[in-house]
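Down below is the structure, laid out as C-alpha cells.
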Amino acid sequence: YKEVVQKLSAVHNDRPFDPVDLSVYWTEFVMKHKGAKHLKAAFRDLNWFQYFSLDVIALLAVLVLSHVFLTVKCVKLCLQKLSKKRKRD
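Each number in our numbering corresponds to the 1-based position in the sequence shown with 25 added.
The structure is reproduced here in C-alpha cells:
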C-alpha cells in the first residue's frame, strides 16, 4: 500500500509548472487573446436538439421499436402457420 501511494504521489507531484503559475499563464493568455474563442467548447454552437442528442435518441428508439415490431409479427406468423398445420393433422 505504501509503495502504491508513493508512486501516485510521485505522479501527482511531477508537474512541469507550479499550479499557481499555470493558472496565471492561462489567465493572461485569455486576456491577451480577448477571450480565446478558439479554446471554447464546440457545444456552445449546438442547438438544444443536438445538445441533448435527441436526434440520436430518436433514431435509436425507432430502430428498437422497428425490431420489436418485426419480431412480434414474425412470431405471430410462425404461430399461425403452426396452428394451421396442427388443425390439418
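Yeah, the Cβ is synthetic: ideal placement off N, Cα and C, and Gly gets one too.
Alpha-carbon to alpha-carbon, residue j and residue i
i	j	result
LYS83	HIS58	With the sequence shown as reference, residue 83 is identified as Ala, and Lys is not the correct amino acid for it. The straight-line gap from Cα to Cα measures roughly 40 Å.
GLY23	SER34	An answer regarding residue 23 cannot be provided, because it is not within the stretch 26 to 114 covered by the chain.
PHE94	LEU85	14 Å
PHE42	PHE77	37 Å
HIS63	VAL100	55 Å
LYS32	GLN75	42 Å
LEU88	LEU102	21 Å
VAL55	SER48	11 Å
LEU104	THR96	12 Å
LYS110	VAL81	44 Å
HIS92	LYS98	10 Å
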